[in-house]
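Here the structure comes first, spelled out in structure tokens, and everything after it is commentary.
Number of protein chains: 2
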Amino acid sequence: MSRPTLADVAARAGVSAKTVSNVLLGRRHVAEATRARVLEAVTEVGYTVNAAGRGLASGRTGRVAVVVPMIYQPYFAEVAERLILALAEHGLTTTLRIAHDDAAERDAVLGLTTPDVDGVILCPHGLSPEVLGDGIVPRPVVQLGGGIMPSFDCVIMGETEGFRSMTEHLLATGRKRIALIGTGPGGAPQGSRFAGYLEALTAHGIDLDERLLITGSDWDRRASGYEAVVGLLRTGVEFDAVMCFNDAMAVGALRGLRSHGLRVPQDVALTGFDDTAEVEFTSPPLSSVSPEQAQMVAATVRMLIERIDGYAGEPRVVRTGAHLVPRESSAPAESAG
Amino acid sequence: MSRPTLADVAARAGVSAKTVSNVLLGRRHVAEATRARVLEAVTEVGYTVNAAGRGLASGRTGRVAVVVPMIYQPYFAEVAERLILALAEHGLTTTLRIAHDDAAERDAVLGLTTPDVDGVILCPHGLSPEVLGDGIVPRPVVQLGGGIMPSFDCVIMGETEGFRSMTEHLLATGRKRIALIGTGPGGAPQGSRFAGYLEALTAHGIDLDERLLITGSDWDRRASGYEAVVGLLRTGVEFDAVMCFNDAMAVGALRGLRSHGLRVPQDVALTGFDDTAEVEFTSPPLSSVSPEQAQMVAATVRMLIERIDGYAGEPRVVRTGAHLVPRESSAPAESAG
DNA sequence: ACGCTGAATGGCAACGTTAACAATTGGTCC
DNA sequence: GGACCAATTGTTAACGTTGCCATTCAGCGT
């Protein structure tokens, strides 16, 4: 016995297939008695809608592509999981795409590698307007995290705000020479996160010491944080705190500091960004900044669904907050055991 | 201009739609010249196959559901990522399903929550034959990890083997009282992993001390390992090594040991299982057992594709190996700094 | 020369659903 | 009472692809 169709349900309920369809789609003008009878027939025969048929007739697939550079990094895994669950609540299924590089992200956005979805959620690795070029974006796209893109809706994290408050937190707890490990095209950390760091220093009348700016080889690898901190130690520059652009680098940096005999937080304070689950269980637990993932995901899904439903206004930008999550790794040096 | 169809390609190439379809499906009996002309037309008009149409006509969706209990735990994230990439190589797209509990896993296997896929890959949390009941499995299912299920193909990790060699490794490096943190229905660790531990002890003529067996509250949370080790310390039982059922618990256990002033590996050796990326960057890095993920994933995908292609033999069991990955956390007590 | 074989291609129907519209019913308004 | 409206249900024709089968044609053996 093969999978039941609308016709089977219709026969059972004594109505036409179209009426069953109307009930399932929640159309108005269906008598209450009919609706009840149809729903009963649906469960009796065990009907589930055939996505291929529906897709062909309606032009909608009910599917959304979530594009991430990788999922083995906790930040992306957590975001992807939240997105999948949020989309499921709206009846949308998810196909997860792993886009390792800029070109793969571009192809996903342009629809070359993501046909047959109603929309795309992009968690970018490093996609920039230049890489995207002037290709037509053929389908709703919402970007979660990363910089502002002119072609589609973007949800921007409170990076500057988060780094400003983290920097102030470190200054307030007695740290004076704060190294920054991040990424940037020019060999030194740049962008919104760097901006927050700089704002806080300026506000406290501290000059920027460029010897404290270290570039990790790769935004997303723990090894990158390890290498960066080892490089910093090798220069012999004095420092009493290390801020990392994200948690993954901070975990690597922690290992680097410890393997050189430095204690966290007694000798050096250490902080991350993203507030992923992994930094709660390092030794010591790492201070981080929570980018309000729940807010970001909610805004992303809301905007995507609006676009799928036909909204065609100008690209929008939503900025979410960020709050400090202080833990043991940034406790004042003197008070720590 | 809407998305091009087979008819558009056909018009461009001067053939029928059916011939274009034949070329795209790699059918025999297509002249080389025709094939070339069709492929050229495909790129010229930018054609991509419409999955809904193909699905409706062929009965295949080209999609596979990967069911995991969560993805924010590195083990599942890593496996899911490998599966997605391996399936993509075979032209299959993936929908990721998060199944939090046994009932959700059962529903995914039975197809209730995974219609419109050609097959299901299940990475189980704790699905057992009893939970599955005698429901008919309506579509190919392959299980990766977990125990043997009578209803579908299973890939079984070398759990016993891995725990046996890890236990022997610890004994060989001078540890005498090895605690085991895991899960089991009876309040003590059980199953294949426990069996490996026991085999090694028996082989060395060591009696099992049940006070060294601790059950974590939850297989997959780091907090569970933390709580377990704290509970163990509270009992006052002597131990010089802790083996955990997986890396997540080991990370939590490490935190628990450190926060009670115990040094790893000088005072206590500590080990995990799964060899996830996270244990390379703890302090110290944790010894673990690699379950040969690449092998497991390859076998899983191969068996699923065979099933999708119509193979209908009895459920099969593939056992993959496991090898020890010793790191600093299990170095001999006297030699460690 | 004839039928036969196999290669190459195309015609037609079907997959399960929904959009657009038609039809029927029952009631309301003047 | 008749025209009109709203509510409800049904009819027909797509949507884009592939399966099945028919057709054409060239080359071959006899």
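Protein sequences appear in the order of chains A and B.
For the first sequence, counting from 1, position 189 maps to 189 in this note's numbering; every step adds exactly one.
Residues are numbered in this note's numbering as their position in the second sequence, beginning at 1, plus a constant of 1000.
We put the beta carbon where it would ideally sit given N, CA and C, even for glycine.
Remember, it's a predicted structure, so these values are computed and weren't measured experimentally.
By the Cβ neighbour-count rule, A:V317 is exposed, with fewer than 16 other Cβ atoms within 10 Å of its own.
Judged by pairs of C-beta atoms under 8 Å, the segment 33–45 of chain A does not touch the segment 71–87 of chain A, as fewer than three such pairs exist. Residue environment: A:V237 is assigned as exposed (fewer than 16 neighbouring CB atoms within 10 Å of its CB, all protein chains considered). For A:P74, the closest Cβ of chain B is nearer than 9 Å.
Contacts with chain B (Cβ-Cβ distance below 7 Å) from the segment 65–94 of chain A involve M70, I71, Y72, P74, A77, E78, A80, E81, I84, L85, T93 and T94, listed in chain order. A:D116 belongs to the set of residues whose beta carbon lies under 9 Å from a beta carbon in chain B.
Residue burial is scored here from C-beta neighbours: B:T1043 has fewer than 16 other C-beta atoms within 10 angstroms and is therefore classed as exposed. No Cβ-Cβ contact shorter than 9 Å links B:D1275 with B:D1309.
Every unbroken stretch of the beta strand (DSSP E) spanning 3 or more residues and falling wholly within the segment 54–109 of chain A is given here in chain order: 63–68 and 93–98. In the structure shown, A:A241 adopts extended strand secondary structure according to DSSP, grouped into three states. Taking C-alpha positions only, A:T183 is separated from A:G191 by approximately 9 Å.
Note: B:T1271 is bridge-paired with B:M1243 and B:S1287 in the DSSP secondary-structure output. The segment 199–207 of chain A and the segment 297–306 of chain A do not touch, with fewer than 3 CB-CB distances between them shorter than 8 Å. Just so you know, the alpha carbons of B:G1059 and B:L1083 end up roughly 23 Å apart. Boundaries of the beta strand (DSSP E) harbouring A:Q143: V141 to L144, taken from the DSSP string.
Using a Cβ-Cβ cut-off of 9 Å, B:I1098 counts as an interface residue toward chain A, since at least one Cβ of chain A sits closer than that to its own. Per DSSP, the beta-bridge partners of B:D1153 are B:V1142. Remark: C-beta atoms of B:M1249 and B:G1231 do not approach each other more closely than 9 Å. The way I'd put it, the segment 1143–1156 of chain B doesn't touch the segment 1215–1224 of chain B; fewer than three beta-carbon pairs between them come closer than 8 Å. The beta-carbon separation of B:T1114 and B:A1065, rounded to 4 Å, stays under the 8 Å limit for a contact.
Per the C-alpha coordinates, the member of B:G1321, B:V1020, B:P1285 and B:T1271 positioned closest to B:E1168 is B:T1271. Sequence-distant partners of B:K1176 (beyond 5 residues in either direction) whose C-beta falls short of 7 Å from its own C-beta, in its chain, are D1240.
Your pair A:M149 and A:L171 does not check out as a contact, with CB atoms roughly 34 Å apart and the cut at 8 Å. Spatial neighbours of A:G26 in its own chain (CB-CB distance under 6 Å, excluding positions within 5 residues in sequence) are not present. The three-state secondary structure of A:V318, taken from DSSP, is strand. Taking the C-beta atoms as reference points, A:A228 is found no nearer than 9 Å to A:G261.
Contact annotation, B:I1136 with B:L1304: C-beta distance approximately 18 Å; criterion of less than 8 Å not satisfied.
Contact of B:G1055 with chain A by beta-carbon distance below 9 Å involves N50, A51, A52, G53, G55 and L56.
Judged by beta-carbon spacing, A:R307 lies within the 9 Å limit of A:V142, meaning their Cβ atoms are closer than that value. For the segment 1272–1284 of chain B, the residues whose beta carbon sits under 9 Å from a beta carbon of chain A are, in order, T1276, A1277, E1278, E1280, F1281, T1282, S1283 and P1284.
Annotation for A:I136: no beta strand (DSSP E) segment contains it, and DSSP assigns it neither H nor E.
Counting along the chain, A:V325 sits inside the beta strand (DSSP E) bounded by residues H323 to V325. Of all residues in the segment 231–259 of chain A, those with a C-beta nearer than 7 Å to a C-beta of chain B are V251, G252, L254, R255 and R258, reading in chain order.
With 16 or more neighbouring CB atoms inside 10 Å of its own CB, A:S329 falls in the buried class. Sorting B:A1331, B:E1105, B:T1048 and B:A1277 by C-alpha distance to the C-alpha of B:L1024 places B:T1048 at the top. Using a Cβ-Cβ cut-off of 8 Å, A:T43 is close to nothing in chain B; its nearest Cβ partner there is about 12 Å away.
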